[in-house]
Amino acid sequence: LVWLSGIAMMLIMLFLVGFILVRGIGHLSPELFSFTYNSENASLMPALVNTLIITVLSLLIAIPFGVFTAIYLVEYAKKGSRIVKRSIRITAEITFRIPSIIYGLFGLLFFCTALKWGYCLLAGALTLVIMILPLIIRTSEEALLSVPDAYREASFGLGAGKLRTIFHVVLPTAIPGILSGVILATGRIVGETAALLYTAGSVAKIPNLMGSGRTLAVHMYVLSSEGLYMDQAYATAVVLLVFVLALNGISNLLAKQLTKGRNA
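Residue numbering for the sequence shown follows the numbering used here, beginning at 58 and increasing consecutively.
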């Protein structure tokens, strides 16, 4: 049953990837990568640049907050603490299960309306930060918990303090696990549509952070919903797939290099 389940999932994944590649590769053209979008080329380049901007900005904000929260939970919070269990962990678990459309409505009401930012990339990025924080916190916490206590005890035995032990012993050991959470968070950012439609908007151009712009996922949604650019929508799906695979490959390579350097 285990083997059959694994083979079935692999076949489904291969079918999905193959379907996207077959339907989309033939429609890739230089016009799709023009920096100016119009009704003739339906260019995806503005959406690709906006996706990269929102992804980098969201991760730059979410990773420090998520990792430092996990460090507090593992290294500083008292075991069995009511504040930790009932406040931080339960809040993280609940917010992780909230539908993305709710985050989008919150971002619309708070960032776009209350703060009077309007539709902009910054509002979309901050909304995504709130979405992915629980994921980064949970995965980082598990990665830190997987570090053997003997490492900490050996560091303390050599005279290292708490902070030095955390940043020079615990964190380097837990980096591969933390990066796995970052990869999952990146996938959620790149594939998000509902929250960004309400916050970043769907303008097909490359704006500044306070301007409206669409990501690749939103671009593909808009094209498919219009029904006039289905070929370009499939081509966008191919680029989106390659974009996610490239980010995952870079993250895995970085994790291996960091692990190799630590072992050396």
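Using N, Cα and C, we set each Cβ at its ideal position, and we do this for glycine too.
Are the stretch 98-111 and the stretch 178-192 touching, with three or more C-beta to C-beta distances below 8 angstroms? In this structure the stretch 98-111 lies against the stretch 178-192, because at least three pairs of beta carbons, one per stretch, are closer than 8 angstroms.
With 16 other CB atoms within 10 Å as the buried threshold, where does HIS276 fall? For the purposes of this step, residue 276 is taken as residue 219 along the sequence shown, with counting starting at 1. Burial call: buried.
For a minimum of 4 consecutive residues, which ranges assigned as the alpha helix (DSSP H) are wholly contained in the stretch 87-140? Here the runs fully enclosed are 102-128.
For the stretch 262-270 against the stretch 279-289, do three or more pairs of beta-carbon atoms, one drawn from each stretch, fall closer than 8 angstroms, so that the two count as touching? With a cut-off of 8 angstroms, the stretch 279-289 and the stretch 262-270 do not count as touching, because too few Cβ pairs lie within range.
CA-to-CA distance, PHE168 to VAL204, given in whole angstroms: Within the sequence shown, residue 204 is the residue found at index 147, counting from 1. Within the sequence shown, residue 168 is the residue found at index 111, counting from 1. For VAL204 and PHE168, the distance between alpha carbons rounds to 39 angstroms.
Give me the Cα-Cα distance between PHE224 and GLY218, rounded to the nearest whole angstrom. Locating residue 224 in the sequence shown gives position 167, where the first residue counts as 1. Locating residue 218 in the sequence shown gives position 161, where the first residue counts as 1. Roughly 10 angstroms between the two C-alpha positions.
Answer with buried or exposed for ILE120, where buried requires no fewer than 16 other C-beta atoms within 10 angstroms of its C-beta. The sequence position of residue 120 within the sequence shown is 63, counting from 1. It is buried - the Cβ of ILE120 has at least 16 other Cβ atoms within 10 Å.
Please work out which residues of its chain come closer than 8 angstroms, Cβ to Cβ, to LEU311, disregarding the five sequence neighbours upstream and downstream, and give them in chain order. Translated into positions along the sequence shown, residue 311 becomes position 254. Correct list, in chain order: LEU236.
Take the Cβ of MET102 as the centre, count every other Cβ of all protein chains shown within 10 Å, and call the residue buried at 16 or more, exposed below. As a first step, residue 102 must be located in the sequence shown, where it is residue number 45. Counting Cβ neighbours within 10 Å, MET102 comes out buried, since at least 16 surround it.
Kindly indicate the opening and closing residues of the alpha helix (DSSP H) around MET267. Working through the sequence shown from its first residue, we reach residue 267 at position 210. In this chain, MET267 is not harboured by any alpha helix (DSSP H), its DSSP state being neither H nor E.
To which residues of the same chain is THR230 closer than 6 angstroms at the C-beta, ignoring the five residues directly before and after it? Position 173 of the sequence shown, counting from 1, holds the residue named residue 230. If we look at THR230 and ignore the five residues flanking it on each side, its Cβ neighbours are VAL204.
Output needed for ALA290: all residues of its chain with C-beta closer than 7 angstroms, excluding positions within five of it in sequence on either side, in chain order. Locating residue 290 in the sequence shown gives position 233, where the first residue counts as 1. Closer than 7 angstroms at the Cβ level, and outside the excluded window around ALA290, lie MET277, LEU280 and SER281.
Exposure of SER62, with buried meaning 16 or more beta-carbon neighbours within 10 Å: Your numbering for residue 62 matches position 5 in the sequence shown. Result: exposed.
For SER86, count the other beta carbons within 10 Å of its own beta carbon; 16 or more makes it buried, fewer makes it exposed. Which is it? What you label residue 86 is simply residue 29 of the sequence shown in a count that begins at 1. Exposed, because fewer than 16 other Cβ atoms sit within 10 Å of the Cβ of SER86.
In the structure shown, what three-state DSSP assignment does VAL226 receive? As a working note, residue 226 is residue 169 in the sequence shown. Residue state, collapsed to three classes: helix.
For LEU302 and LEU38, the rounded distance between their alpha carbons: Shown here, the chain extends from 58 to 321; a query on residue 38 therefore has no answer.
Alpha carbon to alpha carbon, how far is ILE128 from PHE72? Your numbering for residue 128 matches position 71 in the sequence shown. Your numbering for residue 72 matches position 15 in the sequence shown. The C-alpha of ILE128 lies about 40 angstroms from the C-alpha of PHE72.
Leaving aside the five residues before and after ILE158 along the sequence, list all residues of the same chain whose C-beta is less than 6 angstroms from its C-beta, in chain order. As a first step, residue 158 must be located in the sequence shown, where it is residue number 101. Within the same chain, and ignoring the five residues on either side of ILE158 in sequence, the residues whose Cβ sits closer than 6 angstroms to its Cβ are ALA251.
Decide if MET67 is buried, meaning its Cβ has at least 16 other Cβ atoms within 10 Å, or exposed. Taking the first residue of the sequence shown as 1, we reach residue 67 at position 10. Around the Cβ of MET67, a 10 Å sphere holds fewer than 16 other Cβ atoms; the residue is exposed.
Is GLU198 helix, strand or coil when you go by DSSP? Start at 1 with the first residue of the sequence shown, and residue 198 comes out as number 141. Of the three classes helix, strand and coil, the one that applies to GLU198 here is helix, per DSSP.
Three-state secondary structure (DSSP) at TYR176? Numbered from its first residue, the sequence shown carries residue 176 at position 119. TYR176: coil per DSSP, three-state reduction.
Secondary structure of ARG209, DSSP reduced to three states: Taking the sequence shown and counting its residues from 1, one reaches residue 209 at position 152. Three-state DSSP puts ARG209 in a helix.
Between the CA atoms of VAL299 and LEU105 - distance to the nearest angstrom: Position 48 of the sequence shown, counting from 1, holds the residue named residue 105. Position 242 of the sequence shown, counting from 1, holds the residue named residue 299. Approximately 11 angstroms between the Cα atoms of the pair.
How big is the Cα-Cα spacing for SER346 and LYS136? The structure shown does not extend to residue 346, since the chain is modelled only from 58 to 321, so the question has no answer here.
Just the Cα atoms here: how many angstroms apart are GLY123 and GLY238? Here residue 123 corresponds to residue number 66 of the sequence shown, with the count starting at 1. Here residue 238 corresponds to residue number 181 of the sequence shown, with the count starting at 1. So the two alpha carbons sit approximately 10 angstroms from each other.
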